[in-house]
Amino acid sequence: MSDTAMDKTRDVQEEVTWNNKIEYMLTSIGFAVGIGNVWRFPYLCQIYGGGAFLIPYLIALVFEGLPLLYLEMAIGQRLRKGSIGVWKNISPFLGGVGIGSMVVSFLVCNFYNTILAWVFWYFFNSFQNPLPWSQCPLNINRTGLNEECVKSTPVNFFWYRQTLNITTDIETSGSLQWWLVVCLACAWLTMYICIIKGIQSMGKAVYVTTTLPYVVLTIFLVRALTLPGATDGLVYLFTPDWEILKDPQVWLDASTQIFFSLSVAFGGLIAISSYANEKNNCEKDAVIVGLINSGTSLYAAISIFAILGFKANAGFNSCLKENILVLTNHFEFSDQNITADNYDHWVEYLNQTNLDELASLQLRPCKLKTFLDQSASGTGLAFIVFTEAVLEMPGSQLWAVLFFLMLFSLGLSSMFGNAEGVLRPFCDLNLVPKWVPQELITGAFCLMSFLISLIFTMGSGNYWVEVFNSYVGSVPLLIIAFFEIIGVVYVYGMKNFSEDIYFMTGKRPNLYWRCCWTIISPLMLKIVLIAYVVLQAQKHPTYPAWNPDYELFPKTEVKPYPDFAFAVIILLCAMPVVSIPLVALYKGIQKVRERSSSREGRNPYGNDAFEIEAQ
Numbered sequence: 004m005s006d007t008a009m010d011k012t013r014d015v016q017e018e019v020t021w022n023n024k025i026e027y028m029l030t031s032i033g034f035a036v037g038i039g040n041v042w043r044f045p046y047l048c049q050i051y052g053g054g055a056f057l058i059p060y061l062i063a064l065v066f067e068g069l070p071l072l073y074l075e076m077a078i079g080q081r082l083r084k085g086s087i088g089v090w091k092n093i094s095p096f097l098g099g100v101g102i103g104s105m106v107v108s109f110l111v112c113n114f115y116n117t118i119l120a121w122v123f124w125y126f127f128n129s130f131q132n133p134l135p136w137s138q139c140p141l142n143i144n145r146t147g148l149n150e151e152c153v154k155s156t157p158v159n160f161f162w163y164r165q166t167l168n169i170t171t172d173i174e175t176s177g178s179l180q181w182w183l184v185v186c187l188a189c190a191w192l193t194m195y196i197c198i199i200k201g202i203q204s205m206g207k208a209v210y211v212t213t214t215l216p217y218v219v220l221t222i223f224l225v226r227a228l229t230l231p232g233a234t235d236g237l238v239y240l241f242t243p244d245w246e247i248l249k250d251p252q253v254w255l256d257a258s259t260q261i262f263f264s265l266s267v268a269f270g271g272l273i274a275i276s277s278y279a280n281e282k283n284n285c286e287k288d289a290v291i292v293g294l295i296n297s298g299t300s301l302y303a304a305i306s307i308f309a310i311l312g313f314k315a316n317a318g319f320n321s322c323l324k325e326n327i328l329v330l331t332n333h334f335e336f337s338d339q340n341i342t343a344d345n346y347d348h349w350v351e352y353l354n355q356t357n358l359d360e361l362a363s364l365q366l367r368p369c370k371l372k373t374f375l376d377q378s379a380s381g382t383g384l385a386f387i388v389f390t391e392a393v394l395e396m397p398g399s400q401l402w403a404v405l406f407f408l409m410l411f412s413l414g415l416s417s418m419f420g421n422a423e424g425v426l427r428p429f430c431d432l433n434l435v436p437k438w439v440p441q442e443l444i445t446g447a448f449c450l451m452s453f454l455i456s457l458i459f460t461m462g463s464g465n466y467w468v469e470v471f472n473s474y475v476g477s478v479p480l481l482i483i484a485f486f487e488i489i490g491v492v493y494v495y496g497m498k499n500f501s502e503d504i505y506f507m508t509g510k511r512p513n514l515y516w517r518c519c520w521t522i523i524s525p526l527m528l529k530i531v532l533i534a535y536v537v538l539q540a541q542k543h544p545t546y547p548a549w550n551p552d553y554e555l556f557p558k559t560e561v562k563p564y565p566d567f568a569f570a571v572i573i574l575l576c577a578m579p580v581v582s583i584p585l586v587a588l589y590k591g592i593q594k595v596r597e598r599s600s601s602r603e604g605r606n607p608y609g610n611d612a613f614e615i616e617a618q
């Protein structure tokens, strides 16, 4: 990608650029910062020793995340093409890397917008008073409350039955849920309106979609820190458990979290950077985007766990009140009344004096840590744990509206990058005539994605969302990122890449960047990939299934994936990356044929010899 080489291998597209640097940075930040920052990072901090988890997380950020982020932003800015065009220009043998990124982004778009459809549904229902997940509905005969809801809890019932109408397993498809189909159509229509003009309309939308989540998070943080029990949640979050760092799974999850959180290898960052000014300081941009992304994760974790601490305290106090009422009705406390302050003292005393009688009462175990442990990640945190916590907050409708508005903004800004990761490389393939307007191409993409996404609105749709979420963004991205670094550093060459960065920024990459690109980052990617595959191979993949007849209901039942679902998992892992060896093989065969053809048509004595002989 030196100045001469670039002139020969690319068509400069200067006519389309960002209106200003702010729009470019907001789009890059919005793509990197997504829903996972709110519901995945806090969960990992909690289960892996709070503050102790930050050590492997920061190591992964410095030696894996930032170098990959910088590399993608640099090659996109220099080559000014989508992922397919970029890798074809670096080497024809690497064209499959770009195709793989485009396929991953397309698959992610299909299930990710379904999550936004769920958010739409909750957002619309958040305006009801009381909130629909605050109480159980009547049964069909209207003679009492719905039995399944009473058995599970209103929050679980609203999510599993009234939102998803979920089937008992992935093998039972169920029918399309019309309300989810409508919400999905609204999500894709919103998406189309925002990207209809490409970066021109997208650049305007990010002023809202990228900044709004920070406003809402700040409001939540201020409110959460004033709630009773918020301190308990924060102490629980940041209390380090240093022993847990001995578990290799912690380091694996930290590496994959920072890797997927920054959205590298999707092709979106390359596409977004391709519209930047050619002399833009991409090194500074990469560091800013990476640090803001990680800072947002920590900022969101503080807000979320302050609220979860409040919820845990509410549950703990409710548990104590129930037990105190039972004890007061059964025993006589002559000298003093039993209260929350002396509850433990009285229980210990009764254990010594009336053990059998106390055991017969079957008191609920009331431990604050038990309630703090009842957190969840992913959809469980957003649609079950947090919605239940909102019910305990004064003005619950307002907080529900703000929370789901924040989630929608986070998801929509991430979708912009995923869409660009599909549309820009697709245009690089030149499969569509130049006269076809961008609006029509974008509309066809949104319509096709909407039709494919209907599978996620069926009764089994949530199970398929979990399949796509778990396996599309795992092994394929690790493999793609590995070939990206190898392609730039060892195929194109570190020296040439350094010259290109000098052309753009006015300085060559320092020792830190060069060491990461040449040794540390590819080595870490290789270790993470091997460790991930080994861990997955040791067990048959399972999924949590909603089963009202399950003995531990309302907890979900863990079931193994059936054979056909396991085949889909393998297909999702292989489909994005199979293009890498296939394209390389095709180009290799093509090159051999070209050499063979040139040898057959070549005169060993030169053209002059033929002319002389003819005379």
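In terms of the numbering used here, the sequence shown opens at residue 4 and continues consecutively.
Glycine included, each C-beta is placed from N, C-alpha and C at the ideal position.
Asked: Should E281 and R83 be called a contact, given that it needs their Cβ atoms to be closer than 9 angstroms?; Found: yes
Asked: Taking 9 angstroms as the threshold (C-beta atoms), are S277 and A63 in contact?; Found: no
Asked: Count the other C-beta atoms from every protein chain shown that fall within 10 angstroms of the C-beta of P157, then say buried if there are 16 or more, exposed otherwise.; Found: buried
Asked: For a test of the three-state rule: what should DSSP assign to L432, helix, strand or coil?; Found: coil
Asked: Could you check the C-alpha separation between T331 and Y564 for me, to the nearest Å?; Found: 49 angstroms
Asked: Tell me, please, whether the stretch 255-273 touches the stretch 235-246 by the rule of three or more beta-carbon pairs shorter than 8 angstroms.; Found: no
Asked: For Q16, count the other beta carbons within 10 Å of its own beta carbon; 16 or more makes it buried, fewer makes it exposed. Which is it?; Found: Note that Q16 has pLDDT 42, beneath the 50 cutoff, so the model's placement of it is unreliable and no number is given.
Asked: Beta-carbon within less than 8 angstroms of A484's beta-carbon, same chain only, minus the 5 sequence neighbours each way: which residues are those?; Found: L71, F262, V267, A268 and L528
Asked: Which residue marks the beginning of the beta strand (DSSP E) containing A55, and which one marks its end?; Found: Segment: none, A55 is in no beta strand (DSSP E) and carries neither H nor E.
Asked: Should F123 and F411 be called a contact, given that it needs their Cβ atoms to be closer than 9 angstroms?; Found: yes
Asked: Would DSSP call M578 helix, strand or coil?; Found: coil
Asked: Give the secondary structure of P547 by DSSP, where H, G and I count as helix, E and B as strand, and everything else as coil.; Found: strand
Asked: Look at F459 and N113 and say whether their C-beta atoms are less than 9 angstroms apart.; Found: yes
Asked: Going by DSSP, what residue range makes up the alpha helix (DSSP H) through E560?; Found: That residue, E560, is in no alpha helix (DSSP H); its beta strand (DSSP E) goes E560 to P563.
Asked: Alpha carbon to alpha carbon, what distance is there between E391 and L61?; Found: 32 angstroms
Asked: If you follow the alpha helix (DSSP H) that G464 is in, where does it begin and where does it stop?; Found: G464 to Y474
Asked: Figure out for me which residue from A568, M396, N296 and V468 has the closest Cα to the Cα of L230.; Found: M396
Asked: Out of curiosity, what's the CA-to-CA distance linking M578 and A570?; Found: 12 angstroms
Asked: For the pair the stretch 428-444 and the stretch 146-155, tell me if three or more CB-CB distances fall below 8 angstroms.; Found: no
Asked: One question on the structure: do F313 and P45 come within less than 9 angstroms of each other, judged by their Cβ atoms?; Found: no
Asked: Taking V350 as part of the alpha helix (DSSP H), name the residues at either end of that continuous run.; Found: Y346 to T356
Asked: Can you tell me whether S599 is helix, strand or coil according to DSSP?; Found: helix
Asked: Quick one: which unbroken beta strand (DSSP E) runs of 3-plus residues sit fully inside the stretch 241-309? Chain order, please.; Found: none
Asked: So, for W136: in the same chain, excluding its five sequence neighbours on each side, which residues have a beta-carbon less than 6 angstroms away from its beta-carbon?; Found: P157, V158, F161 and T390
Asked: Among P512, R517, S477 and W520, which residue has its Cα nearest to the Cα of V580?; Found: S477
Asked: Alpha helix (DSSP H) containing Q165: first to last residue?; Found: It is not in any alpha helix (DSSP H) - Q165 carries neither H nor E in the DSSP assignment.
Asked: Do you know how far the Cα of E560 is from the Cα of L353?; Found: 37 angstroms
Asked: Output the boundary residues of the alpha helix (DSSP H) element that contains V113.; Found: The amino acid at residue 113 is misidentified as Val; the sequence shows Asn. Counting along the chain, the alpha helix (DSSP H) containing N113 begins and ends at G98 to N128.
Asked: My output table needs one value for L311: the three-state DSSP class, helix, strand or coil.; Found: helix
Asked: Please report how far the alpha carbon of L480 lies from the alpha carbon of G420, in whole angstroms.; Found: 15 angstroms
Asked: Start and end of the alpha helix (DSSP H) containing T212?; Found: I202 to T212
Asked: Quick check on the burial criterion: 16 or more other C-beta atoms within 10 angstroms. Buried or exposed for I522?; Found: exposed
Asked: For the candidate residues A568, G33 and G424, whose alpha-carbon lies nearest to that of S623?; Found: With the chain covering 4 to 618 only, the question about residue 623 has no answer from this structure.
Asked: Taking 8 angstroms as the threshold, find out whether the stretch 430-438 comes into contact with the stretch 82-102 through three or more Cβ pairs.; Found: yes
Asked: Enumerate in chain order the residues of its own chain whose CB-to-CB distance from I549 is below 7 angstroms, with the five nearest sequence positions on each side excluded.; Found: This sequence places Trp at residue 549; Ile is not what is there. So the list reads Y163, I169, T171 and T559, once near-sequence residues are dropped.
Asked: Restricting to Cα atoms, I'd like to know which of L358, V388 and E351 is closest to L311.; Found: V388
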